[in-house]
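These notes are about the structure you will find just below.
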Amino acid sequence: GLSVRKTAHIAAAFARDGVRGRSITQLAASGRERDFFRWVRSPVEPYNTEVPIMATVGLDKKIVTAEVGFVLPSDMLAAMYCKGEEVMRQCILGADGAAGIASYWAKEDPSFLRELDLSHDEALHTIPMGFHVDGVPKWHDESASFWSWMTPMTTASSLVTRHCVVGISTSKVCVETRRAVLDIIAWDLQSLRTGVWPVADHLGREFAAGSSRARRAGTRIAGPWTACFAFWKGDQEAAVDEHLIKNHYRCNFVCDFCYASKVHMYLSYGDLTESPNWLDTMCVDDADPSPWRKVAGYSRRRRLWDGDRSMTMLALAAEWTLTKPCTG
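In our numbering, the protein residues as written are 103 to 430.
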């Protein structure tokens, strides 16, 4: 099971996020697996679909399909919109409300707005969504990989601003799993971009007549609001796994943007002179194997790591150049 130190660390994180002490005690005392859905009741109907996962069949590891429940960003946004303006401000819009969204887009890179085909008027009611992927300890030395989303305007604790999409045991996650999850996220973001509920699922099959999803098809998701992808965020380990990065901190070539190297002296990543050789190299976006490429607006430059810092040698060089006059 989890060590006392690890359990205390997790309990402290729950406390910082505002979870009641009694709930933390019950969670820590439970002998059952730390199953997310045993402790949190979803306010929306989950989107259940078959997803490929890794499983042990006999003595072998094989990819099988299993039904997984997703809490779609569109469903969560709709639920919070129905709760009223105060909930929207606390969980989505931030204290400044609609003005905060306008301020965010005013500071965004104009080339990114053109890539999104987002006009000034549309930006006033388009919510920027940041996505996060990370592992969370569960039980018996197992962790779960969670995909979640948030907006950059909120300042409240993650208890009310971080919204889970899906959680899957890390040992069951394979490349096919990540691609399937992104098929669903990309499909849902298409609906959020228009602000209208879809008539068919992510595989193009129309919803069953009479179902709740069929009844609301074609209507507005959250009144005047729409939403779109703004950035992806995670630690370096999550980035390597999620984006299938080939050049990273555990490789001889350490950067996904250039060919800075640990072993080739000509391209040494330790070369921080004014004109390092690695600065003249570049890995083209066409070589990016990330499943997120199917998401409108995604590119490698929209990847951040926890702490709002880019994971590239180019960013390091820019920071170094800016600080050089101060450091001598």
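Even for Gly, the Cβ is constructed at its ideal location relative to N, Cα and C. Every value quoted in this text rests on a predicted model; they were computed, and no experiment measured them.
Are the CB atoms of residue 354 and residue 342 within a distance shorter than 7 Å? With respect to the 7 Å criterion, residue 342 and residue 354 are not classified as neighbours on the basis of their beta carbons.
So for residue 429, helix, strand or coil by DSSP? Its pLDDT being 29, under 50, residue 429 is placed unreliably by the model, and the measurement read from it follows with that caveat. DSSP, reduced to helix, strand and coil, places residue 429 within a helical segment of the structure shown.
Chain-order list of residues whose beta-carbon lies under 6 Å from that of residue 251 (same chain, five-residue window excluded): For residue 251, same chain residues with a beta-carbon under 6 Å away, outside a window of 5 residues either side, are 175, 231, 233 and 265 in chain order.
Of the residues 404, 316, 375 and 327, the one placed nearest residue 295, counting alpha carbons only: Selection 404, 316, 375 and 327 evaluated against residue 295 yields 327 as nearest (Cα-Cα).
Test item: CB-CB of residue 180 and residue 324 under 7 Å: By the CB criterion at 7 Å, residue 180 and residue 324 fall inside the cutoff.
So, do the region 185 to 204 and the region 291 to 307 have three or more beta carbon pairs nearer to each other than 8 Å? Contact between the region 185 to 204 and the region 291 to 307 is absent, because fewer than three Cβ pairs lie under 8 Å.
Check the DSSP bridge columns for residue 398 and list the partner residues they point to. Within the DSSP bridge table, the entry for residue 398 names no partner.
Count the C-beta pairs between the region 245 to 260 and the region 358 to 376 that are closer than 8 Å, then say yes if the count reaches three, no if not. These segments do not touch.
Given a cut-off of 7 Å, decide if residue 400 and residue 407 are closer than it, judged by their beta-carbon atoms. Cβ distance not < 7 Å, so residue 407 and residue 400 don't count as in contact.
What residue from 404, 319, 270 and 349 has the CA that sits closest to residue 168's CA? Selection 404, 319, 270 and 349 evaluated against residue 168 yields 270 as nearest (Cα-Cα).
Integer Cβ distance of residue 291 from residue 331, believed to fall under 8 Å: The distance from the Cβ of residue 291 to that of residue 331 is about 6 Å, consistent with a contact at the 8 Å cut-off.
Do you know how far the Cα of residue 164 is from the Cα of residue 198? Their Cα atoms are separated by approximately 50 Å.
Which residues in the same chain as residue 280 place their Cβ atom closer than 7 Å to its Cβ, once the five residues preceding and following it in sequence are excluded? Only 344 and 393 meet the Cβ criterion.
Whole beta strand (DSSP E) elements within the region 236 to 276, 3-residue minimum: Within the region 236 to 276, the complete beta strand (DSSP E) runs of at least 3 residues are 245 to 252 and 265 to 271.
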